[in-house]
Amino acid sequence: MKKYPIIIMLAVLISVLYGKAISAQVTDSKTEKIEIKTSAICDMCKERLEKNIAFEKGVKSVELDEKTKVLTITFKKGKNSKENLKKAVTKLGYDADEMPADKKAHDRLPSCCQKGNEPH
Ligand SMILES: [Cu+2]
């Protein structure tokens with residue numbers, strides 16, 4: 003008799019975990035999450051990237067990790083692509099993975115945000 007509560011708890015736990023796995027799959031089928039390594043330097047770069055990329059097609063969320071310079075973007079599947087978002091990043095003047103920054107856009111950035119500067 004003492005074993006019953008444990009079995010019930012396990013059953014509840016498993017069904018909760020299983021339910022979560024299913025709901026995660028549902029959101030995964032509608033959105034895509036990508037990471038792009040950028041050449042961002044400071045807070046201003048972070049703000050510039052986040053504000054501008056937020057207006058790209060299908061983008062639901064965008065966040066730059068200032069330490070790793072990795073931009074994490076979530077967007078609606080089929081509405082955009084990693085290639086396209088990388089291009090958008092280069093057009094703002096930043097490198098996106100192996101894609102180099104658009105030279106003109108980069109040169110228009112405040113000098114403190116241009117490549118080769120130390121974080122400040
Ligand atoms: Cu900057």
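Numbering-wise (my numbering), the sequence shown opens with residue 3 and increments by one.
We put the CB at the ideal spot given by N, CA and C, even for glycine.
Contact belief for residue i with residue j at Cβ below 8 Å, rounded distance in angstroms
| i | j | result |
| --- | --- | --- |
| residue 78 | residue 33 | 6 Å |
| residue 39 | residue 99 | 5 Å |
Close Cβ partners of residue i (< 6 Å) along its chain, the five nearest in sequence each way excluded
| i | result |
| --- | --- |
| residue 35 | 76 |
| residue 117 | 41 |
| residue 89 | none |
| residue 60 | 77, 78, 81 and 82 |
Cutoff 8 Å; reference residue i; Cβ partners in own chain excluding five residues on either side
| i | result |
| --- | --- |
| residue 110 | 95 |
| residue 46 | 112, 114 and 115 |
Beta-carbon contacts of residue i that lie in its chain and below 7 Å, excluding the five residues immediately before and after
| i | result |
| --- | --- |
| residue 107 | 93, 94 and 95 |
| residue 119 | 43 |
| residue 68 | 48 |
| residue 58 | 82, 87 and 90 |
Residue burial classification, residue i (beta-carbon count within 10 angstroms, cutoff 16)
| i | result |
| --- | --- |
| residue 105 | exposed |
| residue 91 | buried |
| residue 5 | exposed |
| residue 87 | buried |
| residue 73 | buried |
Residue i beta carbon near ligand 2 (any heavy atom closer than 7 Å)
| i | result |
| --- | --- |
| residue 65 | Ligand 2 is absent from the structure shown, which contains only ligand 1. |
Would you call the stretch 47-55 in contact with the stretch 64-76, where contact means no fewer than 3 C-beta pairs closer than 8 Å?
yes
Exercise. Whose CB is closer than 6 Å to a heavy atom of ligand 1? List the residues in chain order.
Worked result: 43, 44, 46, 47, 114 and 115
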